[in-house]
Amino acid sequence: MICNIRETNSVPAPTPIDPRGDFILKYIQYSPYIRKDIHAVGHSCARCGTTGVKIFFSGIGGSGVSAIATFMADKGHSVVGSDRAFDRHPGHPLCSVLKAKGISVVPQDGSGIDRSFDLVVFSTAIEPDRPEVLKAKTLEIPMKTRPEFLAEIVSRYRTIGVAGTSGKSTTSGLLAFLMQGLGLTPNLIGGGRVKQFRTETNPGNYLTGESDWLVIEACESDGSIIDYRPLHTVLLNLDLDHHSVEETAGMFGELIKNTEGRIVMNADDPNLRRMDIARAVGFSIDRPSAYKAEEVVYRPFGADFVIASSPGCPSSPPARARMRAMRFSLGLPGRHNLSNALSCIALLSEIGIDPGEISALLRDFRGIERRFDILLDDGRSLVIDDYAHNPHKIAALMETAGRLRDRVCYIFQPHGFGPTKMMKKEYVAVFREKLRTSDHLILLPIFYEGGTAAKDISSRDLAELIGAEGRSVETVEQREAVLERLEQWDACVVFGARDETLSDFAKEIAERLRRD
């Protein structure tokens with residue numbers, strides 16, 4: 404049970420990383436592939452005055468890769484990258500941000516890689532037969548996957564890993580935002596774009612600070628989570644997403660073993676409770692825990708609450724004493740965001756931060772792009788853009804949107820043929836449960852980024868199964884067809900992962916309704 408915890412005492416901090424990324428040096432010193440003296444290579448070395456290594460990122464347009472690439476550029480390294488999305492759309496907004504950062508973007512055909520590079524980092528979406536993989540092998544340049552490279556970075560910082568099948572981006576962004584406001588000058592390598600971090604040269608998914616604190620999204624999607632060794636870990640939830648619940652639980656178990664310090668866990672999540680993590684400190688809305696939200700008042704776009712420690716659920720004694728009679732206000736809607744905020748309050752309190760300081764900052768966080776982004780709310784029509792793509796996220800989205808309007812049109816674009824096939828049963832279940840008789844679901848064609856995926860399922864297959872459950876659903880091949888019928892609903896919610904044009908579509912819906 405969550406309450407059966409053993410208090411974790413102080414833990415040693417790992418050696419701080421050189422702010423210029425000195426850990427890269429070992430790839431140069433010990434690699435048999437680089438046939439030149441290390442002092443001729445642009446590594447970070449105080450002895451010879453060089454400023455950084457030269458790194459190529461293949462698949463730099465991905466949320467995780469772009470975060471690491473811009474982070475490394477800020478740390479003084481020379482960064483070059485490519486992405487097939489940029490090849491198809493040269494005016495891609497992220498491409499412009501990367502170029503403004505000083506990152507060179509080249510075609511993803513292998514021509515941009517030469518012997519001047521010290522390391523090539525590949526997105527896990529890059530297939531092994533792609534030209535850049537073959538070129539790097541031919542030139543014998545050291546190679547790492549994105550998660551392998553991130554694991555190296557994690558090991559050299561006081562890292563807080565945020566894990567869970569939903570909510571990682573919001574929670575890691577909020578945690579970094581709070582730490583920044585508290586003067587801890589954290590680093591962040593995330594995925595979602597924090598609205599308050601975004602600038603002309605920052606996509607919003609990373610932060611470079613002067614401390615050795617690092618916040619990361621510890622993603623289970625590619626299995627690399629078992630290689631991370633964070634100082635502290637936050638566990639948000641455990642549900643079906645990229646893997647089965649059992650497989651993901653096994654990965655979370657390895658992450659816990661690799662965590663030196665605090666483990667903060669959602670005591671409301673039944674699958675996490677079954678893991679019986681003895682030394683976890685719990686946070687919750689419903690069940691007893693060390694950090695339980697009480698007197699909760701949900702507002703349309705936020706929540707107010709207090710936090711109490713349930714009997715028999717010990718937390719850090721100083722944190723418990725400071726928490727009494729403290730009132731918090733959150734500017735993000737929904738129960739799921741309240742839970743995300745509780746995890747941050749719990750973790751920061753456990754490491755000695757005064758809850759009063761947290762409370763003063765919490766209300767100012769504006770969230771992550773494409774997480775319940777309200778594009779129009781004029782009293783007549785409501786348009787929301789959201790990243791929800793797995794059943795757990797979709798359920799949270801629909802619960803929140805359903806409180807705001809009576810007739811909602813949900814416009815969903817499934818992401819990837821493999822994930823859609825794996826979660827087909829769960830998709831049908833969540834739409835059967837959450838779609839009201841007044842609501843309507845429009846399914847767009849499955850988003851395909853390229854590659855070798857078997858196209859053995861379609862949105863039409865999903866629609867037939869959902870319709871058989873008595874719900875109002877249809878498929879639409881061309882988005883323009885939706886624009887002619889917007890007056891039928893009180894709200895339109897556009898959601899799905901990865902496809903940047905979904906946001907453009909949601910904005911087009913908002914603009915059409917605004918004109919009408």
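Under my numbering, the residues of the sequence shown are numbered 404 to 919, in order. Think of the CB as a built atom: it goes at the ideal place given N, C-alpha and C, for glycine as much as any other residue. Here the structure is a predicted model, which is why all the values come from computation and not from measurement.
### Task
Put Cys-812 into one of helix, strand or coil per three-state DSSP.
strand
### Query
Taking 7 Å as the CB-CB cut-off, is Leu-800 touching chain D?
Reference to chain D is not applicable here, since this structure consists of a single protein chain.
### Query
Between the C-alpha atoms of Asp-842 and Asp-809, what's the straight-line distance to the nearest angstrom?
8 Å
#### Entry: Exposure label - Ser-627; buried when at least 16 CB within 10 Å
buried
#### Entry: Nonlocal neighbours in the same chain, by C-beta distance under 6 Å from Ala-579, ignoring five residues either side
Pro-589, Leu-591, Leu-610, Val-618
### Message
Quick check: the Cα distance between Arg-702 and His-795, rounded to an integer number of angstroms?
### Response
22 Å
### Message
According to DSSP, simplified to helix, strand and coil, what is Ala-706?
### Response
strand
### Spatial neighbours of Asp-902 in its chain, beta-carbon cut-off 8 Å, leaving aside the 5 residues before and after
Gln-816, His-818, Phe-850
### Task
Helix, strand or coil for Arg-730, going by three-state DSSP, please let me know.
strand
### Task
Output the distance between the C-alpha atoms of Ser-862 and Thr-878, rounded to the nearest integer angstrom.
7 Å
### Query
What do you reckon, are the CB atoms on Ile-506 and Val-523 nearer than 7 Å?
no
### Query
Taking the alpha-carbon positions, what's the Cys-812 to Asn-608 distance?
30 Å
### Query
CB Ile-529 to CB Gly-462, shorter than 7 Å?
yes
### Message
Could you compute how far the alpha carbon of Leu-916 sits from the alpha carbon of Gly-705?
### Response
25 Å
### Query
Mind checking whether Phe-898 and Ala-798 have CB atoms under 7 Å apart?
no
### Query
Where Leu-501 and Glu-620 are concerned, what is the direct C-alpha to C-alpha distance, given to the nearest angstrom?
21 Å
### Task
Keeping to the same chain, check which residues put their C-beta closer than 6 Å to that of Ser-569; ignore five residues upstream and five downstream.
Asn-640, His-795, Lys-796
### Query
What's the gap between the Cα of Val-831 and the Cα of Asp-615?
45 Å
### Query
Roughly how far, in whole angstroms, is the beta-carbon of Ala-749 from the beta-carbon of Phe-708, given that I think they are within contact range, below 8 Å?
Not confirmed; about 13 Å, so no contact.
### Query
Excluding five sequence neighbours on each side, which residues of the same chain lie with their C-beta closer than 7 Å to the C-beta of Thr-604?
Val-500, Ala-503, Lys-504
### Task
Name the two residues that bound the continuous alpha helix (DSSP H) containing His-739.
738 to 753
### Task
Tell me, please, which residues DSSP counts as bridged to Cys-895.
Val-786, Cys-812
### Task
Decide if Lys-439 is buried, meaning its Cβ has at least 16 other Cβ atoms within 10 Å, or exposed.
Because Lys-439 sits at a pLDDT of 27, beneath the cut-off of 50, its placement in the model cannot be relied upon, and the point is left open.
### Query
Ordered along the chain, which non-local residues of its own chain (more than five positions away) have a Cβ less than 8 Å from that of Phe-820?
Ile-849, Tyr-851, Ala-856, Ala-857, Lys-858, Asp-859, Ile-860
#### Entry: Pro-534 vs Asp-512 beta-carbon contact at 7 Å
yes
### Task
Using a threshold of 7 Å, state whether the C-beta atoms of Cys-716 and Ala-744 are closer than that.
no
### Task
Assign Val-699 to one of two classes, buried (16 or more other C-beta atoms within 10 Å of its C-beta) or exposed (fewer than that).
exposed
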